[in-house]
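FYI, UniProt numbering numbers position 41 of the sequence shown as 41, with every residue one higher than the one before it. Backbone N, C-alpha and C fix where the C-beta goes; we use that ideal spot for every residue, glycine too.
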Amino acid sequence: MDPSTGRAESTKLIRDARKRGVTTIIEFAPLDRGASLEDFTDTLSESDYVIVNDRVAETITQTSLYSDSIFDPVLARKAAQQILDTGLRIAVIIHSGAGAVYVGADGSFYKTNGYFLPWEERAGSAGVDHAFCAGFIDGLMGGKEELDCLRRGLAVSTMCRKDLTPSNSIELMDTCMKFCELSQQVH
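So, in structure tokens, the structure goes:
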């Protein structure tokens, strides 16, 4: 905490970057179960985007994102809106292996199913959250539509599962997209 401003250093960093024209994107890392949305309000209110996995979203919003053990985009949208209500500037993206949602401050809403990776091709899950972020940001910075950004994030995170390391199985974006488009989407 900066004693002169009473703000967390992360909040100050995000605010200063945004003032300089940098698009600010926060990715939440796994949190302890005691964390709450209020713990992050100052930083979120200075940010453009937040990308969060399903379990962290459930923790900070104290909302289940699953109906009958299936990722529910409607419940994810409600949780995303709680995060948006902190003052986040552009959008909240919540992802799981089964799908992803984009909820914009402008009222926009996009959802897509995840990609199916056959069990025999799965090796691990190290880095899947970061892989999703990398794919999503690739689309965002490339000027892609929101739904395409979600699909890119899911494609890269799906490919990430093919190796025990966080990155050895990730290939060029076109290769990731082609592989996932050929595979059956999760329903």
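In terms of residues, what are the limits of the alpha helix (DSSP H) holding residue i?
i       : result
Phe-179 : 173–182
Gly-124 : Note, Gly-124: premise wrong, no alpha helix (DSSP H); not H, not E.
Gly-153 : 146–160
Distance, Cα to Cα, residue i vs residue j?
i           : j       : result
Asp-54      : His-95  : 6 Å
Phe-109     : Ala-80  : 10 Å
Gly-153     : Thr-59  : 22 Å
Lys-162     : Ser-36  : 33 Å
Asp-106     : Asp-85  : 12 Å
Arg-20      : Glu-121 : 44 Å
Val-186     : Met-177 : Unreliable placement is indicated for Val-186, whose pLDDT of 49 sits below 50; no coordinate value is reported for it.
Thr-175     : Pro-166 : 17 Å
Arg-151     : Pro-73  : 15 Å
residue 192 : Val-56  : Lying before the first or after the last residue shown, residue 192 is absent from the chain, which here runs from 1 to 187.
residue 188 : Arg-18  : Any property of residue 188 remains undetermined from this structure, which presents the chain solely from 1 to 187.
Arg-15      : Tyr-49  : 13 Å
Val-103     : Lys-144 : 16 Å
Met-1       : Ala-8   : Bear in mind that a pLDDT of 46 at Met-1, under 50, signals an unreliable position, so the number given afterwards is only what the model happens to contain. Using only the alpha carbons, I get a separation of about 4 Å.
Thinking just about the alpha-carbon of each residue, which of the options is nearest to the one in residue i?
i       : options                           : result
Ser-183 : Leu-88, Val-56, Gly-142, Ala-155  : Ala-155
Phe-132 : Gly-99, Lys-144, Glu-121, Arg-122 : Gly-99
Cys-149 : Ile-93, Asp-48, Ser-69, Ser-45    : Ile-93
Phe-28  : Ile-170, Phe-71, Gly-127          : Gly-127
Gln-62  : Gly-87, Ile-70, Arg-33, Leu-88    : Arg-33
Can you name the start and end residues of the beta strand (DSSP E) that residue i belongs to?
i      : result
Ala-91 : 91–96
Any idea which residues DSSP pairs residue i with across the strands?
i           : result
Thr-112     : Ala-100
Glu-27      : Ile-51
residue 190 : This structure cannot speak to residue 190, because the chain is shown only from 1 to 187.
Ser-67      : Ile-70
Requested in this report: Report yes or no: do the stretch 114–121 and the stretch 152–167 share at least 3 C-beta pairs separated by less than 8 Å?
Outcome: With three or more CB-CB distances shorter than 8 Å, the stretch 114–121 counts as touching the stretch 152–167.
Requested in this report: Determine, using beta-carbon pairs with one atom in the stretch 132–140 and one in the stretch 66–84, whether at least three such pairs fall under 8 Å.
Outcome: no
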